[in-house]
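Here is the structure we will look at.
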Amino acid sequence: MSENNPEIQINNQISESIEKELEAKETKRGRKPKEKEEKKAFTISELPGVGPATAEKLEEAGYTTLMSLAVTSPAELVEIAGVTEATARKIINVSRNKLDIGFMSGDELLKKRENIVRITTGSNAFDTLLQGGVETNAITEVYGEFGSSKTQLGHQLAVNAQLPKEKGGAEGMVCYIDSEGTARPERIKQMAEALGLDPIKILKNIKFIRAFNSDHQMLIVDKIEDLIKKDNLPIKLVVVDSLMSHFRADFSGRGQLADRQQKLNKHLHSLMRLAETHDLAVYVTNQVMANPAVFFGDPTTAVGGHILAHASSVRIYVRKGKKGTRVARVIDAPSIPDSECAFKVTQDGIRDVE
Ligand code: GTP
Ligand code: MG
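Numbering (the working numbering), first residue to last: 1498 to 1851.
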């Protein structure tokens, strides 16, 4: 094999681009964190009417920033933090006043949007449906029944995220949070080989972690922040497969729904923050309840209800189609019209239906 071999070239490109990213982070070190520290100095316990107990409740419920308080409603604060409506209004108003809203001029916004990277799914039809692929700076949620390909898609994205940008990748590393014990490195190997990539290099760039319960899963997200900030790993994709299973198991009793939603809210806030501050893509999977009557009535409704629907930037419903195909439908995405596409899971990974 010679250096002209396209497979070798892609492999070299992958390691080079990731190394470059690492170098760039190294040179930035020591300067950037300081700016951030200064901004963080304000804590929500300094808000009027917020004692330590209320502050704790707010933080538990995911209100860890002024922004999250500024955009909430008084009724929600009354319910979650147990404050009076007058106090709730005060908290919200003060948050709004203190908040540096951070107006961005049109050209700056355009530039930020242009920096968004879309990771290919492996299927052209699916990429077209998503207007390019799975976006960075966003949470993409795929929900569907068992065997609908949620995990396979997670594996495929973990490979594809490492590709050079012109090949539909994000030139980055991957963190794979496995809550169901279904992550399969040998399947990743197979998918990498199908693309002519070095499977060992690909596997080295994926940090797998098994989440044992919902608290552990939440803690892992904080640790990813460390991987990026302290260890300078250029992580561009975080997979959470599945998002809800531990939350369902840990809060399964009667009357625990509110607690569960609060924790879940917090978890999603951390994931969203991770996606936005580090320009990475977050891919989460979610089951559809076997007995829809237990939950919200609609069989196409994902577990988790409204909070989840609100937090995911792109929601995709996948179901089994004819002749072993799979059908993906985008649900209420801000910029993607509701439409469907077919794809399939082959030996090589996610591909188009011929
Ligand atoms: P749950 O986690 O049970 O809710 O399902 P899921 O949506 O995660 O399904 P998953 O992605 O695990 O599997 C989807 C389909 O992919 C399976 O029904 C298989 O048909 C197919 N599949 C899984 N592994 C392989 C493989 O190694 N080769 C091939 N050709 N197909 C596979
Ligand atoms: Mg699965």
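Cβ atoms here follow ideal geometry from the backbone N, Cα and C, with glycine treated the same way.
Annotation for residue 1693: no alpha helix (DSSP H) segment contains it, and DSSP assigns it neither H nor E. Within the DSSP bridge table, the entry for residue 1843 names 1846 as partners.
Each of 1739, 1735, 1678 was checked against the Cα of residue 1655, and the nearest Cα belongs to 1735. With a cutoff of 7 Å, residue 1675 does not count as near the ligand MG, since its C-beta is closer than that to no heavy atom of the ligand. 1811 is the residue among 1700, 1513, 1811 whose C-alpha sits nearest the C-alpha of residue 1783.
The stretch 1546–1585 contains, as complete alpha helix (DSSP H) runs of 4+ residues, the segments 1549–1557, 1563–1567, 1571–1578 (chain order). Spatial neighbours of residue 1615 in its own chain (CB-CB distance under 6 Å, excluding positions within 5 residues in sequence) are listed in chain order as 1629, 1630, 1632.
Not one heavy atom of the ligand GTP lies closer than 7 Å to the C-beta of residue 1812. DSSP, reduced to helix, strand and coil, places residue 1776 outside both helices and strands of the structure shown, so it counts as coil. As a beta-bridge residue in DSSP terms, residue 1738 pairs with 1675.
Taking C-beta atoms under 8 Å as the contact rule, residue 1679 and residue 1653 fail to qualify, at a distance of about 14 Å. In the structure shown, residue 1637 falls within a strand segment according to DSSP collapsed to helix, strand and coil.
Assignment of residue 1784 by DSSP, reduced to helix, strand and coil, places it in the strand class. Annotation for residue 1733 indicates a beta carbon at 7 Å or more from all heavy atoms of the ligand MG.
In this structure residue 1566 touches residue 1589 by the C-beta definition: roughly 6 Å separates them, less than 8 Å.
At a cut-off of 7 Å, the beta-carbon of residue 1819 does not count as near the ligand GTP: no heavy atom of the ligand is closer than that. Under the DSSP assignment, residue 1608 falls in the alpha helix (DSSP H) whose first and last residues are 1603–1611. Put simply, the backbone Cα of residue 1686 is about 11 Å away from that of residue 1846. Around the beta carbon of residue 1710, a 10 Å sphere encloses fewer than 16 other beta carbons of the protein chains shown; the residue is thus reported as exposed. With fewer than 16 other CB atoms across the displayed protein chains lying within 10 angstroms of its CB, residue 1681 is exposed. Membership of residue 1703 in the beta strand (DSSP E) is indicated by the continuous run 1703–1707. Residue state for residue 1668 is assigned as coil, using DSSP reduced to three classes.
DSSP places residue 1681 outside both helix and strand once states are collapsed to three, so it counts as coil. Residue environment: residue 1635 is assigned as buried (16 or more neighbouring CB atoms within 10 Å of its CB, all protein chains considered).
In terms of side-chain proximity, the C-beta atom of residue 1849 is found no nearer than 7 Å to any non-hydrogen atom of the ligand MG. The C-alpha of residue 1757 is placed about 17 Å away from the C-alpha of residue 1676. According to DSSP, residue pairing for residue 1811 in a beta bridge involves 1637. CA-to-CA, the gap between residue 1559 and residue 1604 works out to about 32 Å.
Within a 10 Å sphere around the beta-carbon of residue 1848 sit 16 or more other beta-carbons, which makes this residue buried.
Comparing alpha-carbon positions, the option among 1838, 1818, 1843 lying closest to residue 1642 turns out to be 1818. Linking residue 1761 to residue 1624 through their CA atoms gives a straight-line distance of about 29 Å.
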